[in-house]
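Colleague: Numbering (my numbering), first residue to last: 13 to 381.
All C-beta atoms in this analysis are idealised placements derived from N, C-alpha and C, irrespective of residue type, glycine included.
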């Protein structure tokens, strides 16, 4: 059975998401911060959202050969971070990656020695194409091939998102048309890597059902529909729902729990919940309560994009201990290897410094594992 863990992304590139207040997007005391064309995130503070240049376009590709390398049957977990973590009965500790970081020798070496999985940063975030009916697979095929050849699991991103939708999707108001678009999108992306994936992240959403073409046309039923199409595309994959600001047992976390329970009341469509955990310095105190609340659904729980401003050893070990104390917390993914490649580089939030040397937080984690 494949041990690839993928959460193949499908949430769209084209428009910047507008900042929305309170728990529909960001809790009070945090601000929606636009990092790049692929990512906006709630971060503590009251500063104005960061803006960055518009993305450069990528020529669409319609006929990239599918990867043919068979998925690994497993592979040594190693003696580094992942090996220690797996020894506690967990599935893997991973890191995000893309073609750029895979081509940095020091970065790739640490991925091989210390991490058991990779999450695509951008290569699987082509999402719904700016041009209808066109898909780009070159980067995602390269990442999958690298992971397979190195015995790593893969975790991807969301198929469906409320943000960054191309205009041809966001303008749809017909349910039958939007259903066809969703089904084709999920079946194309999910089917391409079917059998190579341990799991698939289907959508980023919480109990508020943020305003989007999906919720406006379907109501809440789009959640179950997306999971049904994903299950058909790859019946063996575990299917996750994922979101940010699920860092404590707050209103948003409770909304996620309620949403999952409503959807799964009709059958087990959702297999797991991901909490991103982009934390501020000193912000790890709610991790245990968050994981306990999410685990109350009876599903697997994953920390999907962990980074912590200033990377204090105590903050990191607090999160890791929370996962160790929660049997259903099966994976942790760091949102990068080195501070130099972090989307929050100015806060030095990762376990390896700009010279790819382990920081005190890394050593502290190894100590408790």
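Thinking residue 349 and residue 113 are a contact (beta carbons under 8 Å), I'd like their distance in whole angstroms, please.
Modeller: For the purposes of this step, residue 349 is taken as the residue at position 337 of the chain shown. For the purposes of this step, residue 113 is taken as the residue at position 101 of the chain shown. Confirmed, Cβ separation roughly 7 Å.
Colleague: Hey, could you find the ends of the beta strand (DSSP E) residue 254 is sitting in?
Modeller: Counting from 1 along the chain shown, the entry for residue 254 is found at position 242. 250-255 is the span of the beta strand (DSSP E), which, as asked, contains residue 254.
Colleague: What do you get for residue 356, buried or exposed, if any count of 16 or more other CB atoms within 10 angstroms of its CB means buried?
Modeller: Locating residue 356 in the chain shown gives position 344, counting from the first residue. With 16 or more other Cβ atoms within 10 Å, it is buried.
Colleague: So residue 229 and residue 190 are supposed to be a Cβ contact under 8 Å. How far apart are they, rounded?
Modeller: The count along the chain shown starts at 1 and reaches residue 229 at position 217. The count along the chain shown starts at 1 and reaches residue 190 at position 178. Yes, residue 229 and residue 190 are in contact; Cβ-Cβ is about 5 Å, under 8 Å.
Colleague: In this structure, what does DSSP give as the bridge partners for residue 290?
Modeller: As a position in the chain shown, residue 290 is number 278, starting the count at 1. In DSSP, residue 290 forms a bridge with 319.
Colleague: How many angstroms separate the CA atom of residue 293 from the CA atom of residue 330?
Modeller: Position 281 of the chain shown, counted from the start, is the residue given in the question as residue 293. Position 318 of the chain shown, counted from the start, is the residue given in the question as residue 330. Going from the Cα of residue 293 to the Cα of residue 330 covers about 12 Å.
Colleague: In whole angstroms, give me the CA-to-CA distance for residue 254 and residue 306.
Modeller: The residue given as residue 254 occupies position 242 in the chain shown. The residue given as residue 306 occupies position 294 in the chain shown. So the two alpha carbons sit approximately 11 Å from each other.
Colleague: Can you have a look at residue 204 and say buried or exposed, based on whether 16 or more other CB atoms are within 10 angstroms of its CB?
Modeller: Residue numbering aside, residue 204 sits at position 192 when the chain shown is read from its first letter. Buried.
Colleague: So, using beta-carbon positions, are residue 370 and residue 364 closer together than 9 Å?
Modeller: The residue labelled residue 370 in the question sits at position 358 within the chain shown. The residue labelled residue 364 in the question sits at position 352 within the chain shown. Yes, these two residues count as a Cβ contact at 9 Å.
Colleague: Which two residues bound the contiguous beta strand (DSSP E) that contains residue 107?
Modeller: By 1-based counting over the chain shown, the position of residue 107 is 95. Where residue 107 is concerned, the enclosing beta strand (DSSP E) stretches over 104-109.
Colleague: What's the gap between the Cα of residue 272 and the Cα of residue 376?
Modeller: Position 260 of the chain shown holds residue 272. Position 364 of the chain shown holds residue 376. Roughly 34 Å separates the two Cα atoms.
Colleague: DSSP puts residue 194 in a beta bridge; with which residues?
Modeller: Counting from 1 along the chain shown, the entry for residue 194 is found at position 182. Answer is none; residue 194 lacks a bridge partner.
Colleague: In whole angstroms, what is the alpha-carbon distance linking residue 275 and residue 326?
Modeller: For the purposes of this step, residue 275 is identified with residue 263 of the chain shown, where counting begins at 1. For the purposes of this step, residue 326 is identified with residue 314 of the chain shown, where counting begins at 1. Approximately 37 Å, taken between the alpha carbons.
Colleague: Excluding the 5 residues preceding and the 5 following residue 65 in the sequence, name in chain order all residues of the same chain whose CB lies nearer than 8 Å to its CB.
Modeller: Residue 65 sits at position 53 when you count from the first residue of the chain shown. With a pLDDT of 34 at residue 65, under the threshold of 50, the modelled position of this residue cannot be trusted; read the value that follows with caution. So the list is empty, once near-sequence residues are dropped.
Colleague: Kindly indicate which three-state DSSP category residue 223 falls into: helix, strand or coil?
Modeller: Here residue 223 refers to the residue found at position 211 of the chain shown. Three-state DSSP puts residue 223 in coil, outside helix and strand.
Colleague: Are residue 282 and residue 311 close, meaning C-beta to C-beta below 9 Å?
Modeller: Within the chain shown, the letter at position 270 stands for residue 282. Within the chain shown, the letter at position 299 stands for residue 311. Contact: yes.
Colleague: Would you identify the three-state DSSP class for residue 246, choosing helix, strand or coil?
Modeller: On the chain shown, position 234 is the one that residue 246 refers to. It is coil, neither helix nor strand.
Colleague: Give the DSSP-derived three-state secondary structure of residue 172 in the structure shown.
Modeller: Mapped onto the chain shown, residue 172 falls at position 160. Three-state result, residue 172: strand.
Colleague: Taking only three categories from DSSP, how would you classify residue 284?
Modeller: Walking along the chain shown from the start, residue 284 turns up at place 272. Strand.
Colleague: Are residue 116 and residue 353 close, meaning C-beta to C-beta below 9 Å?
Modeller: Translated into the one-based positions of the chain shown, residue 116 becomes position 104. Translated into the one-based positions of the chain shown, residue 353 becomes position 341. The answer is yes: Cβ separation under 9 Å.
Colleague: In the DSSP assignment, what are the bridge partners of residue 343?
Modeller: Residue mapping note: residue 343 aligns to position 331 of the chain shown, counting from 1. Partner(s): 104, 314.
Colleague: Going by DSSP, what residue range makes up the beta strand (DSSP E) through residue 295?
Modeller: Numbered from its first residue, the chain shown carries residue 295 at position 283. Residue 295 -> no beta strand (DSSP E), and no H or E assigned at all.
Colleague: I need the DSSP call for residue 161, collapsed to helix, strand or coil.
Modeller: If you number the chain shown from 1, residue 161 lands on position 149. In the structure shown, residue 161 sits in a helix (DSSP, three-state: H, G or I).
Colleague: By the 10 Å Cβ neighbour count, where 16 or more other Cβ atoms means buried, how is residue 144 classified, buried or exposed?
Modeller: One-based indexing of the chain shown puts residue 144 at position 132. Residue 144 is exposed by the Cβ-count criterion.
Colleague: Tell me the residue span of the beta strand (DSSP E) that contains residue 129.
Modeller: Translated into the one-based positions of the chain shown, residue 129 becomes position 117. 129-132 is the span of the beta strand (DSSP E), which, as asked, contains residue 129.
Colleague: Give the straight-line distance between the Cα atoms of residue 111 and residue 158, rounded to the nearest whole angstrom.
Modeller: Counting from 1 along the chain shown, the entry for residue 111 is found at position 99. Counting from 1 along the chain shown, the entry for residue 158 is found at position 146. Roughly 9 Å between the two C-alpha positions.
Colleague: Quick one: what does DSSP say residue 370 is sitting in, helix, strand or coil?
Modeller: Stepping through the chain shown from its first residue, residue 370 is reached at position 358. Here residue 370 sits in strand by DSSP.
Colleague: According to DSSP, is residue 116 part of a helix, a strand, or is it coil?
Modeller: Position 104 of the chain shown, counted from the first residue, corresponds to residue 116. If DSSP states are grouped into helix, strand and coil, residue 116 belongs with coil.
Colleague: Put residue 122 into one of helix, strand or coil per three-state DSSP.
Modeller: Sequence index remark: in the chain shown, residue 122 carries index 110 (1-based). Residue 122 falls in the helix class under three-state DSSP.
Colleague: Where does the unbroken alpha helix (DSSP H) through residue 267 begin, and where does it stop?
Modeller: Counting from 1 along the chain shown, the entry for residue 267 is found at position 255. Run containing residue 267: 263-276, per the alpha helix (DSSP H) assignment.
Colleague: DSSP puts residue 350 in a beta bridge; with which residues?
Modeller: If you number the chain shown from 1, residue 350 lands on position 338. Answer by DSSP bridge pairing, in chain order: 364.
Colleague: Please work out which residues of its chain come closer than 6 Å, Cβ to Cβ, to residue 260, disregarding the five sequence neighbours upstream and downstream, and give them in chain order.
Modeller: One-based indexing of the chain shown puts residue 260 at position 248. Excluding residues within five positions, the ones whose Cβ falls inside 6 Å are 298, 301, 302.
Colleague: With distance defined between alpha-carbon atoms, name the residue in 269, 366, 337 nearest to residue 323.
Modeller: Residue numbering aside, residue 323 sits at position 311 when the chain shown is read from its first letter. It is 366.
Colleague: According to the Cβ coordinates, are residue 252 and residue 314 closer than 9 Å?
Modeller: For the purposes of this step, residue 252 is identified with residue 240 of the chain shown, where counting begins at 1. For the purposes of this step, residue 314 is identified with residue 302 of the chain shown, where counting begins at 1. In this structure, residue 314 lies closer than 9 Å to residue 252 by Cβ.
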